[in-house]
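Protein chains in written order, with the working numbering: chain A, 119 to 548; chain B, 119 to 548.
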């Protein structure tokens with residue numbers, strides 16, 4: 119990137135000239151009347167097509183589970199055994215401890231929190247609602263829908279910033295968890311994190327499983343949303359957290375969540391909750407008051423389509439072929455447009471759905487506003503932080519999966535203009 | 119039934135002789151090693167077969183809703199408009215006020231209560247959890263899964279016994295609702311009630327809509343589970359409660375629930391919540407933190423299969439053809455075996471899924487125990503009452519839908535023996 123000067127090294131004349139040029143580019147952008155969306159991590163139509171077989175499955179007269187259960191009728195709170203067997207190795211949870219549910223793992227997370235608010239967890243002495251100012255640790259940047267659940271139930275969110283080199287600050291997490299019994303849990307996307315793409319190391323996982331916590335009912339909400347969502351042939355593996363917790367003498371510490379929302383159909387997949395036997399009993403006790411059972415026909419449909427864990431892995435290869443060029447395109451445009459300017463840094467994920475873009479401090483909201491006025495929807499400023507408040511106003515989550523590559527190209531070139539323009543305005547003191 | 123003497127008119131010698139004969143019959147029953155189940159209102163395999171087309175729908179490449187929505191992807195919290203249009207006339211809720219969800223209306227009821235516990239309802243000043251001893255009116259006998267939800271959240275249940283002629287005691291309901299601000303709601307199955315088969319009259323519905331309530335956030339939880347579930351060609355119609363509430367100046371008083379659990383597949387259908395615009399906004403606000411949307415592919419599958427409200431009605435004719443002979447068989451055996459004995463009374467429903475059998479006071483638990491030891495599972499004693507406590511120990515809910523007619527015949531003949539044997543033991547003071 120030697121051809122680009124660091125903006126901070128430029129004199130004000132150069133900055134002014136550059137801004138004038140960018141303002142012209144921005145006006146031309148606005149004239150194009152674009153309408154593009156980089157907000158949510160939605161699979162594209164092409165990706166959804168990979169699972170179209172599901173639309174005619176399980177097929178006429180196919181409704182019996184392996185144990186003879188008529189999937190059309192009521193019952194079976196744990197979900198179909200054969201579906202749980204497929205996802206057991208992928209989520210690193212024994213089949214007996216893995217519950218299969220309906221189309222949304224977010225619902226399982228939401229209900230875990232709501233039940234814990236109202237009923238003591240195994241090992242807990244009170245329900246969380248009785249705790250004065252219950253709190254969660256929230257490594258940032260993170261996933262806005264996790265944060266919304268805490269906000270809804272009045273659980274204070276304590277952001278944990280990454281270390282200087284961008285890693286999970288496990289020292290700080292240990293310190294906080296040990297020091298304050300109000301701290302009841304931690305949200306975490308352990309693999310190809312949202313939005314950073316970072317995965318937990320074996321040592322970090324071991325420390326999370328083993329760390330002393332002031333609360334006797336502390337829980338890791340381990341959202342393994344991207345367990346099989348590789349973008350390169352270097353497949354990241356993470357440590358089996360459930361086993362680590364048990365080994366460390368904290369068998370009830372973790373709830374593992376997963377789903378096929380980005381494997382089969384985002385709106386019509388299946389979801390999973392894996393945890394200790396005691397936690398699972400607790401969860402099922404509450405679940406049994408809410409439903410007589412999940413949609414077992416949809417579970418059978420997924421069994422027929424996916425067949426086994428290798429079936430899932432093969433399907434994910436097709437997703438990778440579709441997604442990798444999009445991620446490469448974003449990297450290419452960011453590097454070409456922002457490399458060497460010193461006003462932006464971004465992640466290069468080996469999996470998952472996002473690129474985390476840090477712009478010049480104090481300019482993220484302005485970048486998003488500029489983009490919006492040029493017809494490019496970006497995730498709202500601050501949405502990767504608890505309460506929507508990014509203290510340095512710099513993080514933007516880019517979701518490249520949904521638009522076709524040509525639209526992505528257009529949108530990202532526009533984003534680059536917005537990032538530079540906002541940076542120049544800031545540097546010039548406007 | 120002139121051939122049977124009222125047990126109470128018999129002398130003790132006759133009672134003893136009759137008991138000896140019944141004890142022999144009971145022993146023969148036990149020797150048969152039966153294993154039959156009359157517990158839950160489950161559709162039979164034959165009924166489920168009526169909807170087997172669903173197993174291959176919507177079909178390859180069919181995933182677009184009428185408005186172009188890709189049903190495979192995320193989103194659409196209210197559910198598919200075309201599905202809501204089909205059920206709008208059947209549930210008497212305008213499409214705009216009808217939400218379509220996943221496979222369980224019980225979940226919608228559960229979540230309505232849980233949200234009301236934690237967040238004030240429109241018109242309410244506090245959340246129910248802040249009320250000292252919040253309470254619900256529970257017309258009895260009623261549905262155990264309704265009662266379980268109250269019990270779970272510590273909502274006191276106030277049973278409302280029927281009038282002497284078995285009708286809803288609307289005077290008592292009005293009196294209670296007006297007198298105590300703790301009373302926040304009422305469970306009600308308005309049509310072909312569970313287990314009585316009784317339907318609300320137009321006048322009762324009008325009074326429920328119009329009655330003053332001490333609580334400003336009182337809600338009718340109107341579980342219209344059997345809206346199209348006729349057993350004769352005399353189709354009962356009920357008044358449109360949502361419209362009645364609005365006319366009476368209580369637009370937010372009612373939540374209407376429905377599902378296709380007993381229309382298509384019990385475990386893989388679709389469910390509905392219909393209410394005022396304000397209540398719906400409130401519900402959706404909470405729902406949006408829990409999920410990104412329902413399984414729209416299953417909703418589309420139902421649209422393709424049912425087509426329109428008449429499609430639902432035609433399908434229900436097939437269910438009636440399957441169910442009516444089973445209900446007739448139960449009536450026949452009860453009349454033949456217990457008619458004129460004076461130790462049992464039962465309902466003759468024109469729709470729904472149940473027959474409510476009242477045995478001699480103080481013998482229901484014994485009947486159920488005897489039946490169990492003869493291999494016939496009946497719904498546990500007291501389950502049609504809050505807290506599982508039937509004060510007169512007399513009500514048994516019979517669910518004839520699931521077993522084949524031959525099994526039903528066997529099971530009901532056994533139940534008759536158990537009812538008479540328990541009555542004789544009681545009358546003889548054992």
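The C-beta atom is built at its ideal place from N, Cα and C for all residues, glycine as well.
Please read these numbers as outputs of a predicted model, since none were measured by experiment.
Worksheet item: Can you give the Cα-Cα distance for residue 461(B) and residue 366(B), rounded to whole angstroms?
Response: 43 Å
Worksheet item: Does the Cβ-Cβ distance between residue 448(B) and residue 473(B) come in under 8 Å?
Response: Yes, the pair counts as a contact, with Cβ atoms nearer than the cut-off.
Discussion item. Please state the DSSP three-state secondary structure of residue 204(B).
Written reply: helix
Item to complete: Taking only the alpha-carbon atoms, compute the straight-line gap between residue 164(A) and residue 329(A) and give it to the nearest angstrom.
Response: 43 Å
Worksheet entry | CA-to-CA distance, residue 137(A) to residue 129(A), given in whole angstroms | 12 Å
Discussion item. If you measure between the beta carbons of residue 262(B) and residue 501(B), is that distance less than 8 Å?
Written reply: yes
Worksheet item: Are the C-beta of residue 251(B) and some C-beta of chain A separated by less than 8 Å?
Response: no
Worksheet entry | Outcome for residue 530(A) when other beta-carbon atoms lying within 10 angstroms are tallied against a minimum of 16 | buried
Worksheet item: Since residue 257(B) is in the beta strand (DSSP E), which residue starts that stretch and which ends it?
Response: 253–257
Worksheet item: If you compare alpha carbons, which of 382(B), 393(B), 383(B) and 161(B) is closest to residue 368(B)?
Response: 393(B)
Worksheet item: Quick one: what's got a C-beta closer than 6 Å to residue 377(B)'s C-beta in the same chain, skipping five residues either side?
Response: 223, 387 and 389
Worksheet item: So is residue 450(B) buried or exposed if we call it buried at 16+ other beta carbons inside 10 Å?
Response: Residue 450(B) is exposed by the Cβ-count criterion.
Worksheet item: Using the beta-carbon of each residue, which ones in chain B are nearer than 8 Å to residue 266(A)?
Response: 407
Discussion item. Quick check on the DSSP output: what are the complete alpha helix (DSSP H) runs of length 4 or more inside the stretch 355–422 of chain A, in order along the chain?
Written reply: The stretch 355–422 of chain A contains these whole alpha helix (DSSP H) runs: 359–365 and 395–408.
Discussion item. Using the Cβ count rule (16 or more neighbours within 10 Å means buried), how would you classify residue 199(A)?
Written reply: buried
Item to complete: Could you name the residues of chain A that residue 87(B) contacts, counting a contact when the two beta carbons are closer than 7 Å?
Response: In the structure displayed, chain B extends from 119 to 548; residue 87(B) sits before or after that span and is not available.
Practice prompt. For chain D, find out if any of its Cβ atoms is closer than 8 Å to the Cβ of residue 444(A); answer yes or no.
Written response: The structure shown contains no chain D; its protein chains are A and B.
Practice prompt. Check whether the Cβ atoms of residue 181(B) and residue 488(B) sit closer than 8 Å, and answer yes or no.
Written response: no
Worksheet item: DSSP on residue 175(A), reduced to helix/strand/coil?
Response: coil
Practice prompt. Using the Cα positions of residue 347(B) and residue 470(A), report the straight-line distance between them to the nearest angstrom.
Written response: 47 Å
Worksheet item: What residues in the stretch 499–512 of chain B bring their beta carbon closer than 8 Å to a beta carbon of chain A?
Response: Residues of the stretch 499–512 of chain B that bring their beta carbon within less than 8 Å of a beta carbon in chain A are absent altogether.
Worksheet item: In three-state terms, what does DSSP make of residue 337(B)?
Response: strand
Practice prompt. Kindly indicate if chain A contains any beta-carbon less than 8 Å away from that of residue 312(B).
Written response: Under the Cβ distance rule, residue 312(B) does not count among the residues neighbouring chain A, no pair being separated by less than 8 Å.
Worksheet item: Taking Cβ positions, are residue 156(B) and residue 518(B) nearer each other than 8 Å?
Response: Cβ atoms of residue 156(B) and residue 518(B): closer than 8 Å.
Item to complete: Starting from the Cα of residue 267(A), find the closest Cα among 375(A), 301(A), 152(A) and 230(A) and give me that residue.
Response: 230(A)
Worksheet item: Rounded to a whole number of angstroms, what is the C-alpha to C-alpha distance between residue 273(B) and residue 294(B)?
Response: Going from the Cα of residue 273(B) to the Cα of residue 294(B) covers about 16 Å.
Discussion item. Once DSSP output is grouped into helix, strand and coil, what is the label at residue 543(A)?
Written reply: helix
Practice prompt. Taking 8 Å as the cut-off, decide whether the C-beta atoms of residue 383(B) and residue 415(A) are in contact.
Written response: yes
Discussion item. Can you pull out the residues from the stretch 167–178 of chain B whose beta carbon lies closer than 7 Å to at least one beta carbon of chain A?
Written reply: 170, 173, 174, 176, 177 and 178
Worksheet entry | Nearest-angstrom beta carbon gap, residue 219(A) and residue 522(A) [assumed within contact, 8 Å] | Taking the Cβ atoms as the reference, residue 522(A) lies roughly 32 Å from residue 219(A), outside the contact range of under 8 Å.
Discussion item. I'd like to know if residue 410(A) contacts chain B, where contact means its C-beta is closer than 8 Å to some C-beta of that chain.
Written reply: The beta carbon of residue 410(A) falls within 8 Å of a beta carbon belonging to chain B, placing the residue at that interface.
Item to complete: Kindly say whether residue 228(B), judged by its beta-carbon, lies nearer than 8 Å to any beta-carbon of chain A.
Response: yes
Fill in: Any 3 or more C-beta pairs closer than 8 Å across the stretch 418–432 of chain A and the stretch 184–204 of chain A
yes
Worksheet item: In whole angstroms, what is the alpha-carbon distance linking residue 427(A) and residue 189(A)?
Response: Looking at the backbone, the Cα of residue 427(A) and that of residue 189(A) are separated by about 21 Å.
Worksheet item: Is it buried or exposed for residue 484(B), if we count other Cβ within 10 angstroms and need 16 for buried?
Response: buried
Practice prompt. Using alpha carbons as the reference points, say which of 513(B), 172(B) and 402(B) lies closest to residue 280(B).
Written response: 513(B)
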